[in-house]
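Protein chains in written order, with my numbering: chain Y, 1406 to 1686; chain D, 4 to 328.
C-beta atoms are modelled at their ideal positions from N, C-alpha and C, and glycine is treated no differently.
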């Protein structure tokens, strides 16, 4: 196995037990929100679990905002960049994003491939993640430079990698999710399963469920392609509001548990933990 | 601390080779082949010889092809899934409703082309003739080009790095037989990267009328739109205006409106004011819009009485007005 290759990325990531890549093909289906929720749920799955979340969406980083960390700077230490901890002194939820490196939040990052590649390599090799149980990687839409770079740089730790595919139920999104699945097959990345997001919306006033982006498409695709269906999540405007709010700090962890999505997601996280620990043994 | 803390210099829009070192000054730069970063690069000799500083041979061809296109509009968003392609399709249909106007839609979202599905022409193929590739026609006066027409199967992933995407975009501009067009609408992928730089640099000489920005009301999307406006200003593209999509949802059961994506920071309207760009309007979320897109039918024609249709038509009128000025 290539895991003996001694690259800076391999040295840094050898202490990370599982690396979960969240991808989707289409944009705006909730990759970042799923990544953030996955990190939060995994963190609460065990009192000692250490989680990292890496945002490689370089031209549209959303993770800092979602975790209430907008405007936090990244510090340099002798042992590399110190990630931003979403839970303060407990330091069990480490976060890194290009968003922390921008001077102003409206600055655009207009980069072509080679620069994105270099930035991703730095994120993987220069960030002092320490020992982690899970590293969740949020990716941009598509199957291009960022994805190819990630796979290339993490080749030495390939045995730790797996992916979660996120889609919404409508045909247009499923088409792109299919492309994303073809990508994971082309690079032999094991897929933990598929999550159908934005599956129905519960009217806050009468409780009627509307299928704004239709429903059931994800489940159908999982069945057809022999993927594990991890679950469907309805549109939860409380969750949107929570992840959108600016000042939450680590109140977020507690507030997240109160949303109606949290228990649904806990099941998904449980399933992921189980699959990964089966893989280990 | 690191490179990103510095104001990001706009990389030269023409291509940086895929095997270039990370601090490649750009093949068009005065420093090409002479900068410290060039040591060891396989392209160093070519760059140093100055051959790469000659203008891209595609640019004059693009200019020639685009000479017969009156208005060129980009649809941009920053964030994904906010409705760029859906809006592009509606805009195309609305322009083409005028029988005397010729409209073209070019989909440069290479990794996730949705335009063929939304326009209901997903199974079509591109044919080539002596005058170039023929676009696929939805109706007599609405031609479409997308990478989606070129894939053997819709399942295939296009795993391309920047330079290859750049190459295809230049072909879309110089090799497609667009004919005389009144409007060419360019649908882009999310973000501000290779595709955007390529389209802007190739069209620079022929001139882009402007960009329509699409957002949803929540701050996470607005953040990306701010970056997109910043991008437009850096590359000197006029912003025709901002459209807020998925703004409010009317429950089909109780008819009460609720905000799925709450505008926690004032939504698109406030952003437009802050950034001094025109606000074109807000389109409410109607589940039938997504459904029409899945079935490839025109929402505007199918549901003329929906409030979303009225909103779309208002916005399209404003865009036309902007184009006249």
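Boundaries of the alpha helix (DSSP H) around residue 1656 of chain Y: 1656-1663.
Contact between the stretch 209-227 of chain D and the stretch 65-75 of chain D is present: 3 or more CB-CB pairs across the two stretches fall below 8 Å. CA-CA distance, residue 317 of chain D to residue 284 of chain D, rounds to 8 Å. DSSP links residue 1464 of chain Y through a beta bridge to no other residue. When the alpha-carbon of residue 1638 of chain Y is set against those of Y:1484, Y:1581, Y:1632, Y:1617, the nearest one is in Y:1617. Cβ-Cβ separation between residue 1426 of chain Y and residue 1542 of chain Y: approximately 5 Å, consistent with a contact (criterion under 8 Å). C-alpha of residue 150 of chain D to C-alpha of residue 96 of chain D: approximately 20 Å in a straight line. The secondary-structure analysis by DSSP pairs residue 136 of chain D across a beta bridge with D:131, D:179.
Residue 244 of chain D sits in a strand when the DSSP states are folded into three classes. Taking 8 Å as the upper bound for CB-CB distance, residue 1657 of chain Y and residue 1473 of chain Y are in contact here, some 5 Å apart.
Of all residues in the stretch 1587-1621 of chain Y, the ones placed with a Cβ closer than 7 Å to any Cβ belonging to chain D are 1587, 1588, 1591, 1606, 1608, 1609, 1610, 1611, 1613, 1615, 1616, 1617, 1618, 1619, in chain order. Inside the stretch 1503-1574 of chain Y, DSSP marks whole alpha helix (DSSP H) runs of 4 or more residues at positions 1518-1531, 1550-1558, from first to last along the chain. Beta-carbon to beta-carbon, residue 251 of chain D and residue 1433 of chain Y are separated by about 17 Å, too far to satisfy the 8 Å threshold. For residue 1491 of chain Y, there are no C-beta contacts with chain D under 7 Å, since the nearest C-beta of that chain is about 16 Å from it.
The beta carbons of residue 81 of chain D and residue 228 of chain D sit closer together than 7 Å. Taking 7 Å as the cut-off, the beta carbon of residue 1584 of chain Y is found closer than this to the beta carbon of residue 160 of chain D.
In this structure, the CA atom of residue 184 of chain D is about 16 Å from the CA atom of residue 135 of chain D.
In terms of CA proximity to residue 59 of chain D, D:204 leads the group D:204, D:249, D:33. If you look at residue 199 of chain D, you'll find it in the alpha helix (DSSP H) that goes 197-206. Shown here is that no member of the stretch 1442-1456 of chain Y has a Cβ falling below 7 Å from a Cβ of chain D. Leaving aside the five residues that flank residue 209 of chain D on each side, the residues in its chain whose CB is nearer than 6 Å to its CB run, in chain order, 66, 69. Per DSSP, residue 162 of chain D lies in no alpha helix (DSSP H) segment and is marked neither H nor E. C-alpha of residue 1679 of chain Y to C-alpha of residue 1627 of chain Y: approximately 19 Å in a straight line.
Contact residues of the stretch 187-202 of chain D toward chain Y are 192, 193, 194, 195, 196, 197, 200 (C-beta to C-beta distance below 7 Å). Chain D places no beta carbon closer than 7 Å to that of residue 1625 of chain Y, leaving this residue out of the contacts. Around the beta carbon of residue 169 of chain D, 16 or more other beta carbons lie within 10 angstroms, which makes this residue buried. No Cβ of chain Y is located within less than 7 Å of the beta carbon of residue 170 of chain D. For residue 1622 of chain Y, the enclosing alpha helix (DSSP H) stretches over residues 1622-1630. With its beta carbon less than 7 Å from one in chain Y, residue 290 of chain D belongs to the interface. Going by C-alpha positions, residue 120 of chain D is about 44 Å away from residue 1420 of chain Y.
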